[in-house]
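These protein sequence lines map, in sequence, to chains A and B.
Last residue of the first sequence: number 262 in numbering that gives the first Met the number 0, and the count goes up by one each step with no gaps.
Last residue of the second sequence: number 325 in numbering that gives the first Met the number 0, and the count goes up by one each step with no gaps.
Remarks on the structure that follows.
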Amino acid sequence: MKICVLVKEVPDAAVRKRTDPATGRLDRSGERTLNPYDAHAIEAAMQIREGGAIEVDEIVAVTMGPASAQRALHKAVSLGADRSLHLCDDALAGSDVAGTGYALAKTLAREQPDLVLLGQQSDDGECYTVGAVVADHLEMPSLTQVIKLEIVDGKLRCERQAEYGYDTVEVELPAVIAVGDAINEPRYPSLKAIMGAKKKPLELLATADVGIDAERVGGDHAAARWIAAKEPPRKAAGLVIEDEDTDQTVAQIVAWLEQRKLI
Amino acid sequence: MSDILAYALHYRGAFNKNSLGALSEGARLAAELGGEAHAIVVGDSASAELCRQLGRYGASKVFLVAGPEGLAQPVVDAMASVISDGGYGYALFGGGLLGFEIGAGLSARLGAGVAMEVTGVRVEAGKLIAQRPILGDSQISEISYRSEIGIIIARLNAFEIKETGGADAEVAERAVEFSAFSTRARMLTRGEQRGADVDIEGADILVAGGRGLGNAEGFELCRELAQAFGPGSAVAATRAVVDAGWYPYSAQIGQTGKTVSPKLYLAAGISGAIQHKVGMQASENIVAINKDANAPIFEFSDLGIVGDLNKILPKLTAAVRAKKAG
Numbered sequence: 000m001k002i003c004v005l006v007k008e009v010p011d012a013a014v015r016k017r018t019d020p021a022t023g024r025l026d027r028s029g030e031r032t033l034n035p036y037d038a039h040a041i042e043a044a045m046q047i048r049e050g051g052a053i054e055v056d057e058i059v060a061v062t063m064g065p066a067s068a069q070r071a072l073h074k075a076v077s078l079g080a081d082r083s084l085h086l087c088d089d090a091l092a093g094s095d096v097a098g099t100g101y102a103l104a105k106t107l108a109r110e111q112p113d114l115v116l117l118g119q120q121s122d123d124g125e126c127y128t129v130g131a132v133v134a135d136h137l138e139m140p141s142l143t144q145v146i147k148l149e150i151v152d153g154k155l156r157c158e159r160q161a162e163y164g165y166d167t168v169e170v171e172l173p174a175v176i177a178v179g180d181a182i183n184e185p186r187y188p189s190l191k192a193i194m195g196a197k198k199k200p201l202e203l204l205a206t207a208d209v210g211i212d213a214e215r216v217g218g219d220h221a222a223a224r225w226i227a228a229k230e231p232p233r234k235a236a237g238l239v240i241e242d243e244d245t246d247q248t249v250a251q252i253v254a255w256l257e258q259r260k261l262i
Numbered sequence: 000m001s002d003i004l005a006y007a008l009h010y011r012g013a014f015n016k017n018s019l020g021a022l023s024e025g026a027r028l029a030a031e032l033g034g035e036a037h038a039i040v041v042g043d044s045a046s047a048e049l050c051r052q053l054g055r056y057g058a059s060k061v062f063l064v065a066g067p068e069g070l071a072q073p074v075v076d077a078m079a080s081v082i083s084d085g086g087y088g089y090a091l092f093g094g095g096l097l098g099f100e101i102g103a104g105l106s107a108r109l110g111a112g113v114a115m116e117v118t119g120v121r122v123e124a125g126k127l128i129a130q131r132p133i134l135g136d137s138q139i140s141e142i143s144y145r146s147e148i149g150i151i152i153a154r155l156n157a158f159e160i161k162e163t164g165g166a167d168a169e170v171a172e173r174a175v176e177f178s179a180f181s182t183r184a185r186m187l188t189r190g191e192q193r194g195a196d197v198d199i200e201g202a203d204i205l206v207a208g209g210r211g212l213g214n215a216e217g218f219e220l221c222r223e224l225a226q227a228f229g230p231g232s233a234v235a236a237t238r239a240v241v242d243a244g245w246y247p248y249s250a251q252i253g254q255t256g257k258t259v260s261p262k263l264y265l266a267a268g269i270s271g272a273i274q275h276k277v278g279m280q281a282s283e284n285i286v287a288i289n290k291d292a293n294a295p296i297f298e299f300s301d302l303g304i305v306g307d308l309n310k311i312l313p314k315l316t317a318a319v320r321a322k323k324a325g
């Protein structure tokens with residue numbers, strides 16, 4: 000089978016995030032890294048390959064984004080993907096979830112994957128949604144927030160936490176599965192894999208290469224448009240104590256609790 | 000184009016609270032737009048009698064569609080079918096996992112704009128504007144729709160349940176032919192509870208533990224502190240540690256767990272991700288202990304302690320015990 004893993008470059012968690020006041024869009028400049036949830040998706044693909052329940056011919060990392068997004072693909076390849084696809088076109092800038100999902104689905108359709116994996120959310124947008132959009136376009140069954148994934152009789156057996164407890168769902172292939180961080184512990188890439196990542200095939204694609212209708216992508220065609228960003232009403236900042244002398248800290252906590260009649 | 004269709008999730012004969020909140024909000028907005036709020040219920044276990052009750056929350060009409068339960072894609076088919084009747088301007092979902100999946104699938108199906116994690120909606124010039132907090136809730140973005148249908152997926156607990164005193168809703172049973180791919184996922188077991196049944200919703204004081212406890216044994220520190228506070232206190236947990244098997248699911252706070260508002264919420268080793276915050280932010284007093292000074296939880300705690308919980312919790316337990324004894 001062929002597994003495609005959708006990956007995304009996001010701002011490093013340590014970098015303070017902000018919106019561009021002119022457009023209301025996220026300012027995506029600054030230090031960037033592979034979305035941590037996507038590392039779990041690649042690891043899930045590797046575990047299927049190594050598990051032996053089904054033959055995995057190829058793992059392909061796929062991203063959409065500006066030129067810099069190539070780094071996310073290099074990271075994905077260093078973690079185990081065999082090659083990568085980079086959908087990169089100015090026409091895609093500012094796409095909303097619907098446009099992004101459509102463009103990714105068009106790119107994936109060319110690859111005819113048996114399984115599409117992705118991280119359930121991204122560190123910058125926390126969206127949960129791209130997997131379901133992609134699945135509807137590809138007409139594949141789909142599940143998000145999956146924390147256990149097994150192959151049983153050529154089908155997927157997925158577990159997740161839903162509204163009323165843990166659900167176990169059987170999903171036929173081909174399918175789109177978004178995974179949570181509890182699914183596995185991603186491996187660290189070897190130095191050799193990091194060094195070799197840039198030598199693995201990386202194909203650069205423009206919208207026309209995969210038949211994307213330019214009227215359906217990009218900020219100007221977004222069906223949901225950010226019109227403003229504003230400051231929320233702020234809760235008064237709480238008191239923060241750095242613990243230096245724990246006895247003293249504890250005395251402060253107890254006094255604080257007593258003041259509020261909580262003890 | 001001024002009617003609103005709200006998805007109503009049901010399980011074992013009762014509607015989900017977030018769905019009822021979304022429907023209440025939908026009724027308010029539809030009235031302002033000059034339209035009606037309708038609801039849709041999908042599942043083989045839902046009765047017409049149950050559906051009629053949605054009139055109380057403002058639905059004038061409820062579509063009841065027989066089909067599989069607990070999975071998103073059949074609901075996408077059902078909602079797309081109802082929306083094709085015309086008259087709808089918006090589809091609305093309460094917070095929770097299925098709302099995200101159905102709303103996203105519907106967005107693809109209809110080419111509709113979608114806003115998620117929405118905490119407020121307002122009417123401007125006859126159209127809805129969705130408000131969504133972003134960047135760790137440090138800003139609120141406003142989103143308008145240019146598509147024929149706008150999709151609004153609420154954040155957990157964003158909308159209050161309001162009984163309008165309305166009459167029974169008209170129930171329209173509707174047959175929907177599901178897409179082939181929508182039926183290629185099958186629920187094997189649903190709503191499995193893992194670990195002991197712990198009651199945390201009635202507690203006045205909750206001591207909650209997260210990944211920062213280090214391991215399952217770390218919960219002993221939380222248990223001892225809760226015990227020191229005495230009756231009316233309990234131990235709660237984050238999604239990450241429940242998934243890791245450190246603590247029972249019934250004690251989980253947040254997006255796919257419980258929503259609580261105790262007098263005191265003491266968070267130990269919890270970073271304070273949005274998915275956790277939505278389940279506990281209504282607590283009267285929030286105390287956080289975390290070794291990372293940049294943890295988001297310090298943004299919304301009333302008292303924050305930057306330090307090692309392994310040093311602080313045992314001494315705090317002893318001090319609380321001493322106070323209680325004295």
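Even for Gly, the Cβ is constructed at its ideal location relative to N, Cα and C.
On a predicted model such as this, the values are computed, not experimentally measured, just so you know.
Cα atoms of Tyr-87 (chain B) and Pro-132 (chain B): separation of roughly 26 Å, rounded to the nearest angstrom. Taking the C-beta atoms as reference points, Ala-92 (chain A) is found nearer than 8 Å to Gly-218 (chain A). The C-beta of Glu-283 (chain B) has fewer than 16 other C-beta atoms within 10 Å across all chains shown, which makes the residue exposed.
Against chain B, a Cβ distance below 7 Å from Lys-234 (chain A) picks out Phe-299.
Around the beta carbon of Val-61 (chain B), 16 or more other beta carbons sit within 10 angstroms, so the residue counts as buried.
Look at Leu-190 (chain A) here: in three-state DSSP terms it is helix. For Ala-168 (chain B), the closest C-alpha among the options B:Arg-154, B:Gly-306, B:Tyr-56 and B:Gly-190 is that of B:Tyr-56.
Using beta-carbon distances, Glu-141 (chain B) counts as an interface residue toward chain A, with a partner under 8 Å.
Using beta-carbon distances, Ile-311 (chain B) counts as an interface residue toward chain A, with a partner under 8 Å. Ser-178 (chain B) reaches chain A at Glu-138, counting residues in chain order whose Cβ is nearer than 8 Å. The three-state reading of DSSP puts Met-78 (chain B) in helix, counting H, G and I together.
Below the 7 Å Cβ cutoff, chain A contributes Pro-231 as neighbours of Asp-136 (chain B), in chain order. Residue-level contact by beta carbon holds for Gln-72 (chain B) and chain A, with a gap shorter than 8 Å. The Cβ atoms of Met-0 (chain A) and Glu-49 (chain A) do not sit closer than 8 Å to each other. Annotation for Arg-185 (chain B): the continuous beta strand (DSSP E) segment containing it runs 184-191. Only residues of its own chain outside the window of five on either side were considered, and among them none has a CB closer than 6 Å to the CB of Arg-185 (chain B). Neighbourhood of Thr-32 (chain A) in chain B, by CB distance below 7 Å: empty, with the nearest CB roughly 17 Å away. For secondary structure counted as the beta strand (DSSP E) over 3 or more consecutive residues, the region 177-250 of chain A holds these complete runs in sequence order: 201-204, 223-229 and 238-241. With 16 or more other Cβ atoms inside 10 Å of its own Cβ, Leu-28 (chain B) counts as buried. Taking every protein chain shown into account, the CB of Gln-274 (chain B) has 16 or more other CB atoms within 10 angstroms, so this residue is buried.
Using a 10 angstroms sphere on the CB of Asp-244 (chain A), the tally of other CB atoms stays under 16, which defines it as exposed. Residue burial annotation: Ser-121 (chain A) is buried, with at least 16 other C-beta atoms found within 10 angstroms of its C-beta.
Restricting attention to A:Gly-79, A:Cys-87, A:Ala-71 and A:Lys-74, the CA atom closest to the CA of Pro-65 (chain A) is found in A:Cys-87. For Val-170 (chain A), the closest Cβ of chain B is nearer than 8 Å.
Rounded to the nearest whole angstrom, the CA to CA distance from Asn-214 (chain B) to Val-59 (chain A) is 35 Å. Cβ atoms of Ile-296 (chain B) and Tyr-264 (chain B) stay farther apart than 8 Å, at about 10 Å.
For a Cβ distance threshold of 8 Å, residue set Ala-131, Val-132, Ala-134, Asp-135 and Ser-141 of chain A lies close to Gly-104 (chain B), ordered along the chain. Judged by their CB atoms, Ser-143 (chain B) and Gln-72 (chain B) are not nearer to each other than the 8 Å cut-off. Excluding residues up to 5 positions away in sequence, Ser-141 and Val-175 lie with their Cβ nearer than 6 Å to the Cβ of Ala-134 (chain A) in the same chain. Bounds of the beta strand (DSSP E) holding Gly-118 (chain A) are 114-118. Taking 8 Å as the cut-off, the beta carbon of Ser-270 (chain B) is found closer than this to the beta carbon of Gly-209 (chain B). In this structure, Arg-238 (chain B) places its C-beta atom within 8 Å of the C-beta atom of Gln-160 (chain A). By the criterion of a C-beta distance shorter than 8 Å, Leu-256 (chain A) is surrounded in its chain by Ile-262, once the five residues flanking it on both sides are discounted. Closest option to Glu-230 (chain A), judged by alpha-carbon separation, among B:Leu-22, B:Ala-202 and B:Leu-134: B:Leu-134.
The C-beta of Pro-10 (chain A) has 16 or more other C-beta atoms within 10 Å across all chains shown, which makes the residue buried.
Within 9 Å of the CB of Ser-146 (chain B), the CB atoms of chain A belong to Ala-97, Ala-222 and Ala-223, in sequence order along the chain.
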